[in-house]
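**Q**
In the numbering used here, the protein residues as written are 1 to 202.
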């Protein structure tokens, strides 16, 4: 059976709110990218997979490049914008902010590793900058500020960030999918930076 004639991944329903319809279209795009890659992706295939008319896809996205850009923006949100928001919360210790960043990275790595590769490393999807580059810079700033506050012992934030951004992916790739490694990796990050979180007032 041709790809365009395949059944939708899930029942779409005739009438859906715009946010639900948009989500269906993006989920279909992601699934097709993982199965067949960027070159085989077409708006027609996305429409069939999402269970909508081709014209409906064009109501939300002008082209497959826009579909790709929307998925890339979501990956930026997972890996950068959410952790960055933690840095702006004055009630959190630097260790708590580091823990939050690690949790966000592990979730993105374990749940979206192959999609990340398709979006940022494959022809057609690759862009000049990817979330991990900016995320590493965010970690450098976090480590430097935590060191200045006396909560971390990190005299070289740049080198430490380079080490940590490469080290955390190993456990993500070599641990069983059903295993939650977040707390263990957070503990390792804390040990590397010699975290000394301040005591909470009683």
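Built from N, CA and C at the ideal position, the CB exists for glycine as well.
For a minimum of 3 consecutive residues, which ranges assigned as the beta strand (DSSP E) are wholly contained in the segment 42-96?
**A** DSSP runs (the beta strand (DSSP E)) wholly in the segment 42-96: none.
**Q** Taking residue 19 as the reference, give the member of 82, 80 and 57 with the closest Cα.
**A** It is 57 whose Cα lies nearest to the Cα of residue 19.
**Q** Please tell me whether residue 28 and residue 46 are closer than 8 Å, where the distance is taken between their beta carbons.
**A** The answer is yes: Cβ separation under 8 Å.
**Q** Residue 191 to residue 147, Cα distance in whole Å?
**A** Using only the alpha carbons, I get a separation of about 14 Å.
**Q** Pair every Cβ in the segment 78-91 with every Cβ in the segment 103-110, then say whether three or more of these pairs are closer than 8 Å.
**A** Because the criterion of three Cβ pairs below 8 Å is met, the segment 78-91 and the segment 103-110 touch.
**Q** Is the beta carbon of residue 70 closer than 8 Å to that of residue 26?
**A** Closer than 8 Å, so yes.
**Q** Can you grab the Cα-Cα spacing for the pair residue 37 / residue 84, in whole Å?
**A** Those two C-alpha atoms are separated by around 31 Å.
**Q** Below 8 Å CB to CB, which residues in the same chain sit around residue 52 once its five sequence neighbours on both sides are set aside?
**A** So the list reads 12, 21, 24 and 25, once near-sequence residues are dropped.
**Q** Less than 8 Å between the CB atoms is what I'm expecting for residue 143 and residue 193, so what's the real figure, rounded?
**A** With a Cβ gap of about 6 Å, residue 143 and residue 193 count as contacting.
**Q** What do you get for residue 95, buried or exposed, if any count of 16 or more other CB atoms within 10 angstroms of its CB means buried?
**A** By the neighbour-count rule (16 or more Cβ atoms within 10 Å), residue 95 is buried.
**Q** Taking DSSP as the reference, what is the three-state secondary structure of residue 4?
**A** Residue placement at residue 4 is poorly supported in this model, since its pLDDT is 45, which falls under 50; the coordinates are not used for a value here.
**Q** In whole angstroms, what is the alpha-carbon distance linking residue 91 and residue 97?
**A** Taking the straight line joining both Cα atoms gives about 10 Å.
**Q** Measure the beta-carbon distance from residue 16 to residue 99 and round it to whole angstroms, keeping in mind my assumption that it falls under 8 Å.
**A** Incorrect: roughly 37 Å between the Cβ atoms, too far for contact.
**Q** Got a sec? Which residues, its chain only, sit under 6 Å from residue 135 by beta carbon, not counting five neighbours each side?
**A** Result list for residue 135: 79 and 80, in chain order.
**Q** Please go through the same chain and pick out, in chain order, the residues whose beta-carbon is closer than 8 Å to the beta-carbon of residue 197, but skip the five residues on each side of it.
**A** Only 93, 94, 95, 96 and 151 meet the Cβ criterion.
**Q** Taking C-alpha atoms, which residue in 140, 145 and 172 lies nearest to residue 158?
**A** Measuring from the Cα of residue 158, the nearest candidate turns out to be 140.
**Q** With respect to the alpha helix (DSSP H) encompassing residue 186, which residues constitute its N-terminal and C-terminal limits?
**A** First-last of the alpha helix (DSSP H) with residue 186: 182-192.
**Q** Assuming residue 146 is part of the alpha helix (DSSP H), what are its boundary residues?
**A** Taken as a continuous stretch (DSSP letters only), the alpha helix (DSSP H) holding residue 146 covers 131-148.
**Q** With 16 other CB atoms within 10 Å as the buried threshold, where does residue 131 fall?
**A** It is buried - the Cβ of residue 131 has at least 16 other Cβ atoms within 10 Å.
**Q** According to DSSP, is residue 167 helix, strand or coil?
**A** In this structure, residue 167 counts as helix in the three-state DSSP scheme.
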